[in-house]
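**Q**
Take a look at the structure:
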């Protein structure tokens with residue numbers, strides 16, 4: 267029991283740390299851009315470099331989690347994260363930040379994938395939904411605290427200190443992970459499908475590159491087609507390799523299970539809508555309502571704050587709802603929140619805005635733990651690592667597509683309304699409303715798809 271406590275604390279610190287890092291650094295990007303006098307596209311490489319390796323190595327990390335000692339995985343990942351984030355804070359040349367963040371993404375993959383995988387493997391089935399809820403609460407706490415603490419550090423000590431925000435958590439994580447004494451079954455390293463891992467990394471890397479290029483008007487069509495073609499080629503090679511490998515990094519037969527397939531698709535669409543809307547909300551707050559950044563930051567904390575409270579108690583709702591119904595309810599609430607967002611305009615009351623974001627927080631609080639439970643519980647024994655990695659990749663692709671597609675939708679909508687006789691700020695408000703309407707449509711689609719989930723036995 268004591269060992270399991272060390273394990274639970276470790277994976278929750280990991281979730282808190284990874285999400286706090288991403289949200290805090292996002293706040294620092296404008297300051298870093300100004301400090302180095304670089305473009306928005308260039309400064310975004312800080313996030314994109316770690317996102318590439320975190321997404322691209324997720325399947326490999328999932329396989330390691332299945333085959334290696336959980337103490338070794340977590341201790342090594344915390345150590346690598348702590349070292350890279352400390353080095354990053356000391357670098358004065360922007361272009362040296364990119365390879366260090368690239369390496370840090372490997373640690374992020376191991377830390378994030380470990381949570382659901384080790385809960386599935388080492389926690390009693392009756393307690394898993396409670397632990398999934400706590401793990402999602404830690405994610406919500408990281409999203410909430412990152413911008414707040416990051417902003418204070420940047421204002422008081424400079425942008426470099428934002429990279430140290432998680433150093434204390436790395437140290438604490440190492441101390442707890444080192445106490446774990448739970449052994450995992452060993453797999454011969456020579457039987458690990460390294461080639462499949464390489465193909466998956468290249469597929470996801472070119473996929474991410476394509477979505478970055480497709481929204482840029484300065485990149486020629488050949489470059490866009492080249493990245494799309496390379497992504498498709500490596501996807502085909504990956505599928506072929508996984509079908510023939512005796513120890514695949516991702517067993518494609520898992521997708522024949524309805525609930526696992528629904529969890530992956532559901533998370534992709536839910537994250538696309540939620541993260542895409544999160545990308546646009548600050549523009550509405552600051553550029554159409556003229557709120558200052560600190561007020562905007564406080565408003566952005568509403569949804570994750572509601573989520574983290576609800577996630578902690580999500581297991582108690584099993585007395586009233588099945589896990590399937592909690593997934594459906596989460597999607598319905600997401601649809602309601604996006605519908606309310608689509609009515610945001612220059613005159614919307616603050617109460618209406620806050621209520622709509624509270625509903626979004628409720629959607630996240632119901633959906634995240636329940637869908638994780640649905641997906642992980644459907645996995646056969648010994649597939650916890652690759653299952654968690656697959657769900658993690660679905661989330662990452664959803665995040666990426668949400669930001670890039672919603673940004674593209676906004677640009678197209680803005681140009682459309684620009685031909686009308688409206689003020690600049692009203693045009694921006696109308697464009698944001700139209701994008702939120704699209705988000706409502708996608709969330710309705712996800713709700714309908716979730717009806718196909720089977721009740722747990």
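Numbering (this note's numbering), first residue to last: 267 to 723. Where a beta carbon is used, it is the ideal one built from N, C-alpha and C, also for glycine. Everything numeric in this text was worked out from a predicted model, so none of it was measured.
Could you tell me whether the region 339 to 352 touches the region 681 to 700, using the rule of 3 or more Cβ pairs below 8 Å?
**A** Not touching, per the Cβ criterion.
**Q** Mind reading off the beta-carbon distance from residue 528 to residue 718? Whole number of angstroms is fine, and I expect it under 8 Å.
**A** Yes, residue 528 and residue 718 are in contact; Cβ-Cβ is about 6 Å, under 8 Å.
**Q** Relative to the C-alpha of residue 490, which candidate in 388, 591, 476 and 498 has its C-alpha closest?
**A** Selected option, being the one with the closest Cα: 476.
**Q** Just to confirm my understanding: we take residue 395, look at its own chain, exclude 5 residues before and 5 after, and list those with CB closer than 8 Å. What are they?
**A** Answer for residue 395: 580, 581, 584, 589, 635, 636 and 639, listed in chain order.
**Q** Please say whether residue 402 and residue 577 have beta carbons closer to each other than 7 Å?
**A** Yes; because the gap between Cβ atoms is below 7 Å, this pair is in contact.
**Q** Would you check if the region 403 to 420 and the region 281 to 299 touch, i.e. whether three or more CB-CB distances between them fall below 8 Å?
**A** With the cut-off at 8 Å, the region 281 to 299 and the region 403 to 420 touch.
**Q** Counting C-beta neighbours from all protein chains within 10 Å, is the total for residue 616 16 or more, i.e. buried, or is it exposed?
**A** Residue 616 should be labelled exposed.
**Q** Starting from residue 485, trace the alpha helix (DSSP H) both ways and give me its first and last residue.
**A** Per DSSP, residue 485 belongs to no alpha helix (DSSP H) and is neither H nor E.
**Q** How would you label residue 390, buried or exposed, when you count the other beta carbons within 10 angstroms and need 16 or more for buried?
**A** Burial call: exposed.
**Q** Counting only runs of 4+ residues fully inside the region 550 to 590, write out the alpha helix (DSSP H) ranges in chain order.
**A** Counting only runs of 4 or more, we get 559 to 566 and 568 to 578.
**Q** Which residue's Cα is closest to the Cα of residue 697: 714, 710 and 673?
**A** Of the listed residues, the one whose Cα sits closest to residue 697 is 673.
**Q** What are the boundary residues of the alpha helix (DSSP H) that residue 401 is part of?
**A** Per DSSP, residue 401 belongs to the alpha helix (DSSP H) from 391 to 423.
**Q** Tell me which same chain residues have a C-beta within less than 7 Å of the C-beta of residue 294, skipping the five on either side of it?
**A** Only 416, 420, 425 and 428 meet the Cβ criterion.
**Q** Determine, using beta-carbon pairs with one atom in the region 619 to 628 and one in the region 357 to 369, whether at least three such pairs fall under 8 Å.
**A** No, the region 619 to 628 does not touch the region 357 to 369.
**Q** Mind the definition here: the region 557 to 574 touches the region 492 to 512 only if three or more C-beta pairs lie below 8 Å; say whether that holds.
**A** Touching, no, given that fewer than three Cβ pairs across the two stretches are closer than 8 Å.
**Q** Ordered along the chain, which non-local residues of its own chain (more than five positions away) have a Cβ less than 8 Å from that of residue 707?
**A** For residue 707, where only same-chain residues beyond five positions count, there are no Cβ hits under 8 Å.
**Q** Check residue 537 in the structure and name its three-state DSSP category.
**A** Note: residue 537 maps to helix in three-state DSSP.
**Q** Rounded to whole angstroms, what's the CA-CA distance from residue 439 to residue 492? Just pull it up for me.
**A** If you take the alpha carbons of residue 439 and residue 492, they lie about 42 Å apart.
**Q** How many Å lie between residue 653 and residue 333 at the Cα?
**A** Whole-angstrom Cα-Cα distance: 14 Å.
**Q** Would the region 367 to 379 and the region 460 to 470 be scored as touching if the rule is three or more Cβ pairs under 8 Å?
**A** No, they do not touch.
**Q** By how many angstroms is the C-alpha of residue 337 removed from the C-alpha of residue 649?
**A** Residue 649 and residue 337: Cα-Cα distance of roughly 19 Å.
**Q** Could you check the C-alpha separation between residue 651 and residue 682 for me, to the nearest Å?
**A** Residue 651 and residue 682: Cα-Cα distance of roughly 46 Å.
**Q** Hey, out of 556, 622 and 522, whose CA is closest to residue 641's CA?
**A** Comparing Cα positions, the closest option is 522.
**Q** Looking only at its chain, what residues have a beta carbon closer than 8 Å to the beta carbon of residue 545, apart from the 5 residues adjacent to it on each side?
**A** Correct list, in chain order: 668, 669, 672 and 673.
**Q** Could you tell me the distance, in whole angstroms, from the CA atom of residue 714 to the CA atom of residue 495?
**A** Roughly 32 Å separates the two Cα atoms.
**Q** Between the alpha carbons of residue 613 and residue 619, how many angstroms are there, rounded?
**A** If you take the alpha carbons of residue 613 and residue 619, they lie about 11 Å apart.
**Q** Return the first residue and the last residue of the alpha helix (DSSP H) that residue 515 is part of.
**A** First-last for residue 515: undefined, no H or E at that position.
**Q** From the DSSP output, in three-state form, read off residue 648 for me.
**A** Residue 648 falls in the coil class under three-state DSSP.
**Q** Looking only at its chain, what residues have a beta carbon closer than 6 Å to the beta carbon of residue 623, apart from the 5 residues adjacent to it on each side?
**A** If we look at residue 623 and ignore the five residues flanking it on each side, its Cβ neighbours are 568 and 569.
**Q** Can you give me the C-alpha to C-alpha distance between residue 411 and residue 511, rounded to a whole angstrom?
**A** Distance between the alpha carbons of residue 411 and residue 511: 43 Å.
**Q** Going along the chain, which unbroken runs of the beta strand (DSSP E) with 3 or more residues stay wholly within the region 603 to 662?
**A** Listed in chain order, nothing qualifies, since the region 603 to 662 has no complete beta strand (DSSP E) run of 3 or more residues.
**Q** Does the Cβ of residue 423 have 16 or more other Cβ atoms within 10 Å, making it buried, or fewer, making it exposed?
**A** It counts as exposed.
**Q** With DSSP collapsed to three states, give me the class of residue 717.
**A** Coil.
**Q** Would you identify the three-state DSSP class for residue 335, choosing helix, strand or coil?
**A** Residue 335: coil per DSSP, three-state reduction.
**Q** Tell me which same chain residues have a C-beta within less than 6 Å of the C-beta of residue 289, skipping the five on either side of it?
**A** If we look at residue 289 and ignore the five residues flanking it on each side, its Cβ neighbours are 409, 412 and 413.
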